[in-house]
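K.L.:
Residue numbers (this note's numbering): 1 to 353.
1. What span of residues does the alpha helix (DSSP H) with residue 206 cover, start to end?
2. Taking 8 angstroms as the limit between beta carbons, can you name the residues of its chain near residue 7, skipping five residues before and five after?
3. In this structure, does DSSP put residue 335 in helix, strand or coil?
4. Taking 7 angstroms as the limit between beta carbons, can you name the residues of its chain near residue 70, skipping five residues before and five after?
5. Pick out whichever of 281, 264, 214 has its Cα sitting closest to the Cα of residue 236.
6. May I ask you to list the residues that DSSP assigns as paired with residue 306?
7. If we ignore side chains and look at the alpha-carbon of each, how far apart do residue 157 and residue 207 end up?
8. Touching or not, the stretch 186-194 and the stretch 158-175, by the rule of three or more beta carbon pairs under 8 angstroms?
9. What's the gap between the Cα of residue 300 and the Cα of residue 319?
10. Between residue 358 and residue 267, is the Cβ-Cβ spacing less than 9 angstroms?
11. Going residue by residue through the stretch 145-182, where are the continuous alpha helix (DSSP H) segments of at least 4 residues, counting only ones entirely within it?
12. Thinking just about the alpha-carbon of each residue, which of 215, 287, 313, 125 is nearest to the one in residue 262?
13. What separation, rounded to the nearest whole angstrom, lies between the Cα atoms of residue 148 and residue 290?
14. Does the stretch 320-340 come close enough to the stretch 180-188 to have 3 or more Cβ pairs within less than 8 angstroms?
15. For the alpha helix (DSSP H) containing residue 259, name the first residue and the last one.
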């Protein structure tokens, strides 16, 4: 629940049935008459490796997910081009994802034939290709899906392969659990800026989170690319309400270790340390926060006491916070973090219009 340090009324929340709708549906009723269409997506291919020996891929490698158990200092990667040319060593840092010990990173590498790592302790890596694999057909909503006027790409629409959520024996790796929403946390993905294929990057993040980090799914509830497109993240059921169950409770995701239950996570694609988000991305972030605030009755500028419903651990934060307000991390990047006051103010003002 929200603590006395900044209680907010839940009575202002919109009813769950009108939270999501399609363009062909009346947004005030929440009903949907839209059908589906069939689209093709490249099948995500990945290959796991352990240790720091050179790895050669059997497919063009576009991303490398890395996890190591030692200190972050000294961790690095260099890639090998198809002609055998080795690149320069590139330092690795845990830009958003955090572990209890050690470090982790998702590195966009373009399209390379292999890589080599340096990192202390136990090292695990995953070569990922989300662009060149065999085509996989999927049913996608025929009409644009919206969250109270904010268009978003459903999991099907960005090419999520739902089989990634399951273990080899068919059991779900991270079964869904739901709790009342208390806060919203903003992240950046610490991936490339000016991304030519953000949907491919979302699929890579999904593979990295679900497989390399063994979370069983993508860690965020929503993601936003530089064009302002919003992507549905963590699987929350088949009721058509992104991030929520039919009663308006939030599915537990994996974006703030130790403080995930009841905490909505929104990630901006890119690295926002030395530069801020695009105008389109910031506008979509503000609009999405406004929608979620109205739905849950939040004041985005309020000081609240988050209480973990699983273990009763508490944390004093602003209703809309940055990842670094919870844990020791640079996320959501220095420049983005400095903009959060403006985002909160804009969300609060637009919510009163």
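Note that CB positions come from ideal geometry on N, CA and C, so glycine has one too. Keep in mind that this is a model prediction, so the values were computed, not measured.
P.N.:
Taking the structure as given:
1. 198-207
2. The pLDDT assigned to residue 7 is 32, lower than 50, so where the model puts this residue is not dependable, and the model offers no usable value.
3. helix
4. 102, 119, 120, 121
5. 264
6. 315
7. 16 angstroms
8. no
9. 5 angstroms
10. Outside the shown range of the chain, which is 1 to 353, sits residue 358, and nothing can be said about it.
11. 155-158
12. 313
13. 10 angstroms
14. yes
15. Segment: none, residue 259 is in no alpha helix (DSSP H) and carries neither H nor E.
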